[in-house]
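Input: a single structure, listed below in structure tokens.
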């Protein structure tokens, strides 16, 4: 559904992520700043629960990113250690052959 503002510009639909209106969609005119809600008001329980859920999700996403970073670092270390092991065994066999 397209809404044309009184100034003649097309209003865009955005989503509010404030604590008072979490996840609630609204129209916003880029020219004059007109704002109008597209969704009906949320119940009090949803308004109190959703921000906590969003914070928990954001914390979990940050923790996931940190764990992925640590895993990549460990993978790189394992690759380096494997190369070192291979070269040390090659050096060992060459040293044995020369003796």
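Numbering (the UniProt record's numbering), first residue to last: 1 to 99.
Virtual Cβ for every residue (Gly too), placed ideally from N, Cα, C.
1. Quick one, are the C-beta atoms of residue 29 and residue 11 less than 7 Å apart?
2. Check whether the stretch 16-24 and the stretch 36-54 touch, using three or more Cβ-Cβ pairs below 8 Å as the test.
3. Would you tell me roughly how many angstroms separate the C-alpha atoms of residue 74 and residue 86, rounded to the nearest one?
4. Span of the beta strand (DSSP E) holding residue 16?
5. Hey, could you find the ends of the alpha helix (DSSP H) residue 93 is sitting in?
6. Residue 25 bridges to which residues according to DSSP?
7. In the DSSP assignment, the beta strand (DSSP E) including residue 36 goes from what residue to what residue?
8. If I'm right that residue 27 touches residue 50 with Cβ under 8 Å, what's the distance once you round it to whole angstroms?
Let me spell this out:
1. yes
2. yes
3. 18 Å
4. 10-16
5. 44-98
6. 15
7. 35-37
8. Actually they do not touch by this definition, with Cβ atoms about 21 Å apart.
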